[in-house]
Each structure stands twice: as C-alpha cells, then as structure tokens.
Amino acid sequence: MKKITFILFALITGTTFAQEKATESATVHAEIVMPISIENTRGLNFGRLIGTAGSATVASTATGERTGDSDVLAVTGNGSTAPQSGVFAINAADGYTYSVTLDAPENLQIGTEGATLAVSFTHNLEDTGNAGAGTTDIPLYLGGTVTLVDQQAEGNYSGTVGVTVAYE
Amino acid sequence: MNRIIFILFLLLSSQAFSQASASAKVTSRATIIDPIQIDKTLDLDFGNVISSYNPGSVILSPDGSRTAQGVQISTNFPGTVNPAEAVVIHGNNNYAITLPESFVLYNSQNPDQQLRVNNFTVLPEEGTISDIIKVGATLHLKANQASGFYTNSAGFNVTVSYN
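For the protein sequence lines, the chains are A and B, in the order given. So the first sequence is residues 17 to 184, counted in my numbering. So the second sequence is residues 7 to 169, counted in my numbering.
Put into structure tokens, the structure is as follows:
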C-alpha cells in the first residue's frame with residue numbers, strides 16, 4: 017500500500033513539476049565606436065640653419081612660422097626647403113575624448129652615426145581631453161625647437177617622431 | 007490526469023478480486039506549488055565598444071565587469087553597461103535555467119551590419135523564495151566593425167523550469 021501511495025504521489029507531483037516553466041526575454045544593446053586613427057600628411061621641416069650657437073623654433077600651427085636667433089636663421093633659397101610644421105589628421109568619434117602622446121627623440125642626427133642636434137617638439141592639441149569630431153579630420157600641427165651649438169656640424173639632420181592618440 | 011486515475015483504479019480493483027472482502031485505505035497526498043515565474047528587470051547592455059582593425063570580443067560578466075580582447079573599451083565613456091537581470095520566483099524549489107546558444111544584433115542604421123552574441127553566462131543571487139539572476143554574454147566584433155547602435159528587438163529568451 018505504501019508503494020501505491022508512493023506511485024500515486026510521484027505521478028501527481030511529477031506531472032505538476034514537469035510542465036512548470038516560465039520564459040522571459042531581454043533585449044541586448046551595444047554601441048560600436050569608430051576606431052581612432054591618425055595619419056601623417058606633412059613632415060616637420062626646420063629649414064636651412066646656420067651652424068652657430070642658438071636656436072630656431074617652428075610653431076605648431078598650420079603655417080608653421082619659424083622664429084629664433086637671427087644668427088641661426090638663414091634666408092631660404094639656394095635650394096633650401098621652406099620651414100613648415102608637421103601635420104597629422106586625426107579621426108576620433110564624436111562625443112569622445114582622446115589623449116595625445118609624443119614619442120620624440122632628444123636629438124636629430126646626420127645619418128645613423130653622425131653628429132646630433134638637440135631638438136624638442138610641441139603640438140597644438142592638449143595632452144588629454146581632446147574632443148573627437150567623427151569622420152571630420154582634426155589637424156595636429158607638430159612644431160619644435162632645435163638648439164645648435166657653436167660650430168654645429170654641417171649636414172642634413174633627421175629624426176622620427178611618433179604621435180599616439182588614444183581614447184580616454 | 008486521466009492516466010493517473012486509471013492506474014489507481016487498477017491497483018485497487020485487483021485487491022478487491024483476490025479476497026472475498028477486504029478494505030484498505032490509501033493516503034493520498036499532493037503538494038501544490040506555485041508556478042515558477044520570471045520577470046525581467048534589466049536588459050543586457052554591453053555599453054560602448056571601440057571598433058578595431060582586427061576582430062575582437064567583449065566579455066560582459068554577470069557581475070557587470072567587462073573584458074576586452076582585441077578591441078578597446080573606453081574607461082571615460084563606457085556607456086550603459088549592465089548584465090541582464092531578472093527575478094525568479096521559485097518558492098524554494100530547485101529549478102533549471104535555459105539560455106540561448108547565440109543571438110544576433112543588428113545595426114540600427116544598416117541591418118546588414120551584425121554582431122554575434124554567445125557564451126551566455128548566469129549568476130544567481132539566491133534568496134529564500136526568489137532569486138535574482140544576472141546574465142552576461144560575449145559580444146563578437148568583426149574587423150572594422152561599422153560604428154553605430156546595435157540591438158535586436160526580439161530579445162533573447164531565458165527559460166526557468168522546475169527540476
């Protein structure tokens with residue numbers, strides 16, 4: 017008799033549980049943000065300088081005006097290239113902010129083992145908190161200052177500056 | 007229910023034939039429990055994810071934390087981030103949770119652009135007669151995934167059933 021009771025109980029309870037279920041649905045959202053990008057469109061050029069003690073600065077503006085010690089600044093011409101600021105185009109999502117970091121050398125150099133020329137760099141943006149503008153290019157102008165020593169070695173000096181932009 | 011009555015009838019009647027007279031009592035019991043119930047309180051939101059030139063994914067854990075693999079997530083602008091949340095009323099009975107294998111989100115501006123969601127995970131916060139369950143998942147981005155708002159109004163199903 018206990019067995020019967022048990023079977024009956026099992027059948028009743030088993031049936032009750034087997035059909036009990038409930039379903040609810042939830043939606044899913046995600047917002048995909050465009051990747052940040054930067055492209056170099058123009059190199060920074062300090063132009064032709066006279067190799068004597070002093071400095072020359074190219075402004076971090078669109079025109080890249082060059083200023084400095086008159087003894088250092090030479091007139092353009094005779095095959096010299098015009099001083100100009102470096103230009104980068106940045107694309108970052110509208111409504112987001114990004115940081116700018118320079119990976120800059122302390123010296124320009126003739127070739128890989130030649131004389132060096134002290135240099136520092138500036139740019140027109142803030143280090144942090146720059147606002148994105150979607151697919152509209154945001155210009156970053158790279159300027160800098162070179163500091164020459166007396167009897168600065170003659171030659172073509174060059175270096176590479178890395179500019180990194182990152183969403184904050 | 008018809009089947010249950012039939013079985014009981016056979017068992018009792020077989021005893022009646024074996025003796026001239028006999029009686030027996032059977033104690034029948036039934037425990038009725040409330041139907042299991044689930045009510046959603048929050049949708050699942052992966053927040054803002056920065057697309058990349060390579061494929062990547064974002065794991066949203068049921069505790070609400072995000073882990074990006076191959077893509078970036080902005081710390082200053084995370085957007086709305088939360089796992090799905092629902093209340094399960096179970097009356098202190100055991101139950102099982104069934105989650106989908108995968109789910110697809112569509113770009114609101116261009117439905118051809120899609121995101122795949124899978125690896126749903128669940129974390130119950132257990133109570134006496136009801137639990138709060140939180141559901142996370144993994145969001146997969148393709149290389150150069152188009153920016154925009156992705157969703158799927160159909161929603162994904164979470165089914166709870168008594169064991």
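All residues carry an ideal CB built from backbone N, CA and C; glycine is no exception. These figures come from a predicted structure and were not determined experimentally.
* Asked: Closer than 8 angstroms, Cβ to any Cβ of chain B: which residues of the stretch 96 to 109 of chain A, in chain order?
  -> Ala109
* Asked: B/Leu14 to B/Tyr168, Cα distance in whole Å?
  -> Against the second sequence, residue 14 of chain B aligns to sequence position 8. Against the second sequence, residue 168 of chain B aligns to sequence position 162. The predicted model places B/Leu14 with a pLDDT of 37, which falls under 50 and marks its position as unreliable; any figure quoted below should be read in that light. Distance between the alpha carbons of B/Leu14 and B/Tyr168: 26 angstroms.
* **the stretch 145 to 158 of chain A / the stretch 30 to 37 of chain B touching (three or more Cβ pairs under 8 angstroms)** => no
* To do: For A/Ser174, count neighbouring Cβ atoms within 10 angstroms of its own Cβ and tell me buried if that reaches 16, exposed if not.
  => Here residue 174 of chain A corresponds to residue number 158 of the first sequence, with the count starting at 1. Its Cβ having fewer than 16 others within 10 Å, A/Ser174 is exposed.
* To do: Rounded to whole angstroms, what's the CA-CA distance from B/Ser153 to A/Glu47? Just pull it up for me.
  => Against the second sequence, residue 153 of chain B aligns to sequence position 147. Against the first sequence, residue 47 of chain A aligns to sequence position 31. Near 7 angstroms, if we compare the C-alpha coordinates of A/Glu47 and B/Ser153.
* At what residues does the beta strand (DSSP E) containing B/Asn124 begin and finish? -> Translated into the one-based positions of the second sequence, residue 124 of chain B becomes position 118. From DSSP, the beta strand (DSSP E) with B/Asn124 extends over Gln120 to Glu131.
* To do: From the DSSP output, in three-state form, read off A/Thr113 for me.
  => Looking up residue 113 of chain A in the first sequence gives position 97. It is a strand residue.
* To do: Put A/Pro51 into one of helix, strand or coil per three-state DSSP.
  => For the purposes of this step, residue 51 of chain A is taken as the residue at position 35 of the first sequence. Looking at A/Pro51 - three-state DSSP - the assignment turns out to be coil, as it is neither helix nor strand.
* To do: Taking all protein chains shown into account, decide if A/Asn123 is buried (16 or more other Cβ within 10 angstroms of its Cβ) or exposed.
  => Taking the first residue of the first sequence as 1, we reach residue 123 of chain A at position 107. By the neighbour-count rule (16 or more Cβ atoms within 10 Å), A/Asn123 is not buried but exposed.
* **Span of the beta strand (DSSP E) around B/Glu91** => Along the second sequence, one-based indexing puts residue 91 of chain B at 85. Counting along the chain, the beta strand (DSSP E) containing B/Glu91 begins and ends at Ala90 to Ile95.
* Asked: For A/Lys18, which three-state DSSP category applies?
  -> Stepping through the first sequence from its first residue, residue 18 of chain A is reached at position 2. Because A/Lys18 sits at a pLDDT of 27, beneath the cut-off of 50, its placement in the model cannot be relied upon, and the following sentence gives the value as read from the coordinates. A/Lys18 falls in the helix class under three-state DSSP.
* To do: Helix, strand or coil for A/Pro155, going by three-state DSSP, please let me know.
  => Here residue 155 of chain A corresponds to residue number 139 of the first sequence, with the count starting at 1. The answer is strand: DSSP assigns A/Pro155 an E or B state.
* Taking buried to mean at least 16 other C-beta atoms within 10 Å of its own C-beta, is A/Glu142 buried or exposed? -> The sequence position of residue 142 of chain A within the first sequence is 126, counting from 1. It is exposed - the Cβ of A/Glu142 has fewer than 16 other Cβ atoms within 10 Å.
* **Any C-beta of chain B under 7 angstroms from that of A/Ala26** => On the first sequence, position 10 is the one that residue 26 of chain A refers to. Any reading at A/Ala26 is ruled out, since the residue's pLDDT is 31, under 50, leaving its predicted position unreliable.
* **Selection from A/Gly67, A/Leu118, A/Ala134 and A/Ser76 that minimises the alpha carbon distance to A/Asn140** => By one-based count along the first sequence, residue 140 of chain A stands at place 124. Among A/Gly67, A/Leu118, A/Ala134 and A/Ser76, the Cα nearest to that of A/Asn140 belongs to A/Ser76.
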